[in-house]
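Number of protein chains: 2
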Amino acid sequence: MVNRIRQTMSRTYRVFATDDLPLEEGMFHLQGEESRHLSRVLRVRVGNAVEVLDGRGTIFRTEVVGVNGRVVVLKNLESVQVAKPRVAFDLGVSLPKGGGMDDIVRQLTELGVSFISPLFSEHGDVANVEHRAEAKMGKWSRISSEACKQSGNPWAPVIREPRSFDRWLRELPAGGVRLIGCLGANAVSVSSVSKSFATDIAFAIGPEGGFSEVEKAIAEDAGFVPVCLGPHTMKVGTAAICALAVACEKFGV
Amino acid sequence: MVNRIRQTMSRTYRVFATDDLPLEEGMFHLQGEESRHLSRVLRVRVGNAVEVLDGRGTIFRTEVVGVNGRVVVLKNLESVQVAKPRVAFDLGVSLPKGGGMDDIVRQLTELGVSFISPLFSEHGDVANVEHRAEAKMGKWSRISSEACKQSGNPWAPVIREPRSFDRWLRELPAGGVRLIGCLGANAVSVSSVSKSFATDIAFAIGPEGGFSEVEKAIAEDAGFVPVCLGPHTMKVGTAAICALAVACEKFGV
Numbered sequence: 001m002v003n004r005i006r007q008t009m010s011r012t013y014r015v016f017a018t019d020d021l022p023l024e025e026g027m028f029h030l031q032g033e034e035s036r037h038l039s040r041v042l043r044v045r046v047g048n049a050v051e052v053l054d055g056r057g058t059i060f061r062t063e064v065v066g067v068n069g070r071v072v073v074l075k076n077l078e079s080v081q082v083a084k085p086r087v088a089f090d091l092g093v094s095l096p097k098g099g100g101m102d103d104i105v106r107q108l109t110e111l112g113v114s115f116i117s118p119l120f121s122e123h124g125d126v127a128n129v130e131h132r133a134e135a136k137m138g139k140w141s142r143i144s145s146e147a148c149k150q151s152g153n154p155w156a157p158v159i160r161e162p163r164s165f166d167r168w169l170r171e172l173p174a175g176g177v178r179l180i181g182c183l184g185a186n187a188v189s190v191s192s193v194s195k196s197f198a199t200d201i202a203f204a205i206g207p208e209g210g211f212s213e214v215e216k217a218i219a220e221d222a223g224f225v226p227v228c229l230g231p232h233t234m235k236v237g238t239a240a241i242c243a244l245a246v247a248c249e250k251f252g253v
Numbered sequence: 254m255v256n257r258i259r260q261t262m263s264r265t266y267r268v269f270a271t272d273d274l275p276l277e278e279g280m281f282h283l284q285g286e287e288s289r290h291l292s293r294v295l296r297v298r299v300g301n302a303v304e305v306l307d308g309r310g311t312i313f314r315t316e317v318v319g320v321n322g323r324v325v326v327l328k329n330l331e332s333v334q335v336a337k338p339r340v341a342f343d344l345g346v347s348l349p350k351g352g353g354m355d356d357i358v359r360q361l362t363e364l365g366v367s368f369i370s371p372l373f374s375e376h377g378d379v380a381n382v383e384h385r386a387e388a389k390m391g392k393w394s395r396i397s398s399e400a401c402k403q404s405g406n407p408w409a410p411v412i413r414e415p416r417s418f419d420r421w422l423r424e425l426p427a428g429g430v431r432l433i434g435c436l437g438a439n440a441v442s443v444s445s446v447s448k449s450f451a452t453d454i455a456f457a458i459g460p461e462g463g464f465s466e467v468e469k470a471i472a473e474d475a476g477f478v479p480v481c482l483g484p485h486t487m488k489v490g491t492a493a494i495c496a497l498a499v500a501c502e503k504f505g506v
């Protein structure tokens, strides 16, 4: 069933159901932005197929039964519950300058990350983020929902509030694989890390200036393995997406 | 030597030498934008270390010996020739809408790609690119030089003119590994592709709507193996960077 849905993705419209979009007598009544986008921009018509994602694994396959001004009415045909990914990836990403985190949230969501943990780090540049954390969190949540819709990812990631490296560490489950991106001589390739059946993989990505010596020592004490993502100094966003891609290929397949 | 240079990257200023920046009697005389950026934005002073990259593998380790208005004078201390990467990766990337290719060029350069081949594809959206190809090429070249400076990649990629899928195929060297990103049921993981000692790896990334049936048939005839980069429909840029990251880990290490 999931396969059939995925096969038809490129022709399927998708919307993201927030908690205030109830399924009432087998119908969704879309209003506001989602409705406007479907009717005015995508110009859906009665009979078009629309998938409704709830971000918690459920895909409602629906059909448009009414487009009335500002309301689009969808009839639910069937619900599919997609299992949670077997492996949960938690990306601890040093906050880049300005809006740099936005694209990172989008790309990590497209790949199917489970947790995004924006980190304050000593060599990072996070002036003025702390007091704007709430606005940022709202924006990241919207970007992540959009990315779920675009990519068909039925499991929206948990986006944690920005936090320090050591606070992040304290919340990681015990027994998982822990990797930290490094350019140092002691870093190994991800391929050469022992294959593990752990279901929790944490991957720390530092700022362009690298993690500080104190942060590296904390990571080492917490069992993080230094891994190399290539010979060059990547931007935080490039490093984060590469880290997740390579880790998925190694541990998630 | 290269290792030592890489260790100090985060504190090293870099400039990109174009063909009209000659090394005269052991000195570079920087003018224009590179000079203005170094002196006004980065505020280099006499004695600061600056690396000059030529994009063809040479790193000149220099020292600032003069900052005079619009000219910065660098004294060459030593030149290091970094070997060309053993494996050449050629990413055939379906042109995304608008300026979407800009970030792709930047991220692929940070990772060390050898060839970037923007592709016109049947399901792609390339209105108005063909007649603006020259302007686009100039912009991509500048973005790639910036990414070399930022990341310390001494080998700038060759960026091909946008072309059709079948024209790209005709220019690929024989005997290399050829992969094409797919969501179909016949796609395998990159990990499961046979390890190869080939030194040319081509990776085709289609538009969000996927390659057309005709393009897929051409690719199959040309020996492309369909590989899966995850269960979701990634945007072109996310797919391209993931493809290169995973291929580098598999074939480049």
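Residue numbers (the working numbering), protein chains in the order written: chain A, 1 to 253; chain B, 254 to 506.
Idealized CB from N, CA, C, for every residue including glycine.
Computed from a prediction, not measured in an experiment: that's the story for all the values here.
Please name the residue, chosen from the options, that lies closest to residue i on a Cα-to-Cα basis.
i, options, result
"F450 (chain B)", "B:K503, B:G310, B:C495, B:A475", "B:K503"
"E208 (chain A)", "A:V46, A:P118, A:A239", "A:A239"
"V430 (chain B)", "B:R298, B:L344, B:R323, B:V297", "B:L344"
"K389 (chain B)", "B:P349, B:L283, B:V489, B:V299", "B:P349"
"V305 (chain B)", "B:G459, B:V324, B:R267, B:C501", "B:R267"
"A500 (chain B)", "B:E414, B:G279, B:H376, B:T452", "B:T452"
"E424 (chain B)", "B:V324, B:S370, B:I494", "B:S370"
"V478 (chain B)", "B:S444, B:L361, B:M354", "B:S444"
"S121 (chain A)", "A:V50, A:E63, A:A219", "A:A219"
"S468 (chain B)", "B:F456, B:S417, B:A440", "For clarity, residue 468 (chain B) is Glu in the given sequence; the question names Ser instead. Among B:F456, B:S417, B:A440, the Cα nearest to that of E468 (chain B) belongs to B:S417."
"K328 (chain B)", "B:V320, B:N321, B:E316", "B:E316"
"P484 (chain B)", "A:G98, A:G230, A:T109", "A:T109"
"A49 (chain A)", "A:T12, A:P85, A:F89, A:T18", "A:T12"
"T18 (chain A)", "A:A222, A:G210, A:E146, A:L229", "A:E146"
"G210 (chain A)", "A:P173, A:F203, A:G184", "A:G184"
"C481 (chain B)", "B:D474, B:F456, B:P275, B:G505", "B:F456"
Counting only Cβ pairs nearer than 8 Å, list the residues of chain A close to residue i.
i, result
"H485 (chain B)", "E110, L111, G112, S151, G152, N153"
What separation, rounded to the nearest whole angstrom, lies between the Cα atoms of residue i and residue j?
i, j, result
"S442 (chain B)", "F16 (chain A)", "29 Å"
"V65 (chain A)", "W155 (chain A)", "27 Å"
"A133 (chain A)", "I312 (chain B)", "41 Å"
"R142 (chain A)", "V158 (chain A)", "12 Å"
"G181 (chain A)", "S39 (chain A)", "45 Å"
"M262 (chain B)", "T233 (chain A)", "Low per-residue confidence applies at M262 (chain B): pLDDT is 38, beneath 50, and the placement is therefore not dependable, though the value from the model is reported in the following sentence. Each residue's Cα considered, the two are about 8 Å apart."
"G308 (chain B)", "N406 (chain B)", "8 Å"
"R167 (chain A)", "P415 (chain B)", "47 Å"
"V73 (chain A)", "E24 (chain A)", "11 Å"
"I5 (chain A)", "S114 (chain A)", "Residue placement at I5 (chain A) is poorly supported in this model, since its pLDDT is 38, which falls under 50; the coordinates are not used for a value here."
"G428 (chain B)", "I454 (chain B)", "9 Å"
"M1 (chain A)", "V80 (chain A)", "Model confidence at M1 (chain A) stands at a pLDDT of 34, short of 50, so the residue's coordinates are unreliable; what they give is reported in the following sentence. If you take the alpha carbons of M1 (chain A) and V80 (chain A), they lie about 8 Å apart."
"V489 (chain B)", "V346 (chain B)", "7 Å"
"A498 (chain B)", "G365 (chain B)", "10 Å"
"R61 (chain A)", "L30 (chain A)", "15 Å"
"L432 (chain B)", "G26 (chain A)", "44 Å"
"C401 (chain B)", "V193 (chain A)", "29 Å"
"S397 (chain B)", "S144 (chain A)", "28 Å"
"A243 (chain A)", "F342 (chain B)", "19 Å"
Could you name the residues of chain A that residue i contacts, counting a contact when the two beta carbons are closer than 7 Å?
i, result
"I494 (chain B)", "T238, I241, C242"
"V443 (chain B)", "E249"
"A440 (chain B)", "Here the premise fails: no neighbours, minimum Cβ distance about 11 Å."
"V320 (chain B)", "Chain A residues near V320 (chain B): none, gap ~24 Å exceeds 7 Å."
"A498 (chain B)", "C242, A245, V246"
Mind checking who residue i pairs with in its DSSP beta bridge?
i, result
"F373 (chain B)", "B:S417"
"F60 (chain A)", "A:V52, A:S79"
"F368 (chain B)", "B:D343, B:V411"
"A274 (chain A)", "Any answer about residue 274 (chain A) is impossible in this case: the structure gives chain A only from 1 up to 253."
Just to make sure I have the definition right: I need the residues of chain B whose C-beta is within less than 9 Å of the C-beta of residue i. Which are they?
i, result
"K235 (chain A)", "R359, Q360, E363, A400, Q403, S404"
| query | When you check each C-beta in the segment 357-389 of chain B against every C-beta of chain A, which residues fall closer than 7 Å? | reply | Among the residues of the segment 357-389 of chain B, those with a Cβ less than 7 Å away from any Cβ of chain A are Q360, E363, L364, G365, in the order of the chain.
| said: Against chain A, which members of the segment 447-480 of chain B pass a CB distance test of less than 8 Å? | reply: Against chain A - using a Cβ distance shorter than 8 Å - the residues of the segment 447-480 of chain B are E461, G462, G463.
| Taking Cβ-Cβ distances below 7 Å as the criterion, which residues of the segment 42-65 of chain A are in contact with chain B? | Of all residues in the segment 42-65 of chain A, none has a Cβ within less than 7 Å of some Cβ in chain B.
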